[in-house]
Amino acid sequence: MADSSSPSLTPSAMGRVSGWLTHWGISPLAFDDTLSLISPLLTVTRLHARVIAKQSETPGATTLVLQAGSAFRGLRPGQFILFSVVIDGVRHRRAYSPRSIDGRQDRFAITVQRQPGGLMSNHLNERTQVGDIIEIDQAGGAFTLPTAAPAEVLLMAGGSGITPCMAMLEHLLRSQAPTRATLIYFARGREDRIFAQALDDMAQRWPQFNYVAIDSVANTANVPGTQTAQQVLDIALLDQAAPQWRQVPAYCCGPAPLMDAARQLWLDAGIGAQLHLEAFAPAKPSGDTHAVHTVQMERAHQTRSFSAPGDQTILIAGETAGLTLKHGCRQGICHECTCRLRSGSVRDLTSGARIDGEGQPIRLCVSAAMSDLDLESLN
Ligand SMILES: Cc1cc2nc3c(=O)[nH]c(=O)nc-3n(C[C@H](O)[C@H](O)[C@H](O)COP(=O)(O)OP(=O)(O)OC[C@H]3O[C@@H](n4cnc5c(N)ncnc54)[C@H](O)[C@@H]3O)c2cc1C
Ligand code: FES
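Note that this note's numbering has the sequence shown beginning at 13, numbered continuously upward.
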């Protein structure tokens, strides 16, 4: 439902407008620029959203509520949206996992956890204000519940990995699905637990919701050891919290150690296909630190060379060598860094697969060199 803050053209009307413009030889992008003088949310090709509320969740995380323009096609709980923000003159893109507000298709909230030294997460926490307009993409991603509500579901989250799980839980509660949901949620402590109060309230009023909050840094990367034993994700915890865990769809989002533990447990149980994983940060390259490969890259009829160590992504290696390489999200999602592999081999860090041979597309931000490479930039 559109309201006074939401322009009233429907997505299909937007599509027709775009078609007419192209038919009459008018660039939809130029038309967008004119429309955006009236309202930045009234664009046909580029999508925007207005920040309509901002609130602190924890000392390190902030929620932004956004009103999307009419061309936004809505989202499924658990999906992500790419946000584009210009910081110090450079456009950066990052994914965030929105949750619908009151079930509306055009209004959603994101909760952003600050990362130490992180560009976008600190910008969104500190500098973004109510009234700001942010460029967004349509929602995407397959970390979503089955279309027909399952009888039971298991969600496992660590830290900011709670955001897509919260979108799913709110959806199940709002739609009065007959699903029994268990959430196992690791955080350093209550102060850092995003949505702590909302989850307590949800557990109070939703009898089919089994909420297991665990204070533990055992699954958190780069946290020095503590004096006390820390709870990890293991079979004993799963058997206790969700005895049917081997039979139900399971979702896990959080730090790499938590997701590695879940992946191994589900593989060992022979039910790997039942586990859905969402990584917020790509895996670190684990290649040979001593192996340094030579990368040749052709872009716009110019060929440049740089060295790529086996323990760096090709994007970082190129940037370290002083090159400006086309990129967007740095997370393997937007494909702006895609190159064609003419020769050589790379490791895809999102799947662990080795990619060889002529003509294969590779994403520089989530690939590590395994040999000398000859690449052609596609952007
Ligand atoms: C599908 C998807 C959904 C996401 N949803 C959310 C969400 O709802 N809320 C949210 O807060 N974030 C989410 N993220 C992470 C988000 O996209 C950014 O990666 C994060 O905000 C950091 O961006 P930055 O620009 O601040 O950090 P950068 O400047 O890109 O990186 C700075 C430093 O932080 C490290 N770093 C980056 N991201 C992480 C991370 N997630 N965990 C640990 N270290 C990291 C980097 O290795 C680097 O050292 C999601 C990511 C993906 C891929
Ligand atoms: S920068 Fe987005 S996929 Fe590589």
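Beta carbons are placed, not taken as given, at the ideal position from N, Cα and C, and that holds for glycine.
Pop quiz: Met180 and Leu157 are said to be a contact at Cβ under 8 Å. What is the actual Cβ separation, rounded to whole angstroms?
5 Å
Measure the CB-CB distance between Gly170 and Leu270 and report whether it falls below 8 Å.
yes
Opening and closing residue of the beta strand (DSSP E) in which Pro321 lies:
314-321
Using a threshold of 7 Å, is the CB atom of Ile3 nearer than that to any non-hydrogen atom of ligand 2?
Because the chain is modelled from 13 through 391, residue 3 falls outside the range shown and cannot be assessed.
With three or more beta-carbon pairs closer than 8 Å as the criterion, would you say the region 379-388 touches the region 351-359?
yes
With hydrogens ignored, establish whether the beta-carbon of Tyr108 is closer than 7 Å to any heavy atom of ligand 1.
yes
Are at least three pairs of beta-carbons, each pair with one atom in the region 255-275 and one in the region 79-89, less than 8 Å apart?
no
Tell whether a beta-carbon distance below 8 Å holds between Ile328 and Cys351.
With respect to Cys351, Ile328 sits apart: the two C-beta atoms are not nearer than 8 Å.
Check: Glu348 C-beta below 7 Å from any heavy atom of ligand 2
yes
Cα-Cα, which of Arg275, Gly334, Arg359 is closest to Gly369?
Arg359
Are Met168 and Leu78 touching if we call contact CB-CB under 8 Å?
no
4-residue-minimum alpha helix (DSSP H) runs that sit fully inside the region 237-304, ordered along the chain:
247-253, 268-280
I need the DSSP call for Cys349, collapsed to helix, strand or coil.
coil
Using beta-carbon positions only, say whether Leu76 and Ala107 come within less than 8 Å of one another.
no
Taking all protein chains shown into account, do 16 or more other C-beta atoms lie within 10 angstroms of the C-beta of Ala365, making it buried, or fewer, making it exposed?
exposed
What is the DSSP secondary structure of Ala73, counted as helix, strand or coil?
strand
Using the beta-carbon count (16 or more within 10 Å), is Arg186 buried or exposed?
Counting Cβ neighbours within 10 Å, Arg186 comes out exposed, since fewer than 16 surround it.
Out of Ala163, Arg119, Phe155, Arg105, state which residue places its alpha-carbon closest to the alpha-carbon of Asp149.
Comparing Cα-Cα distances from Asp149 to each of Ala163, Arg119, Phe155, Arg105, the minimum goes to Arg105.
Once DSSP output is grouped into helix, strand and coil, what is the label at Ala333?
coil
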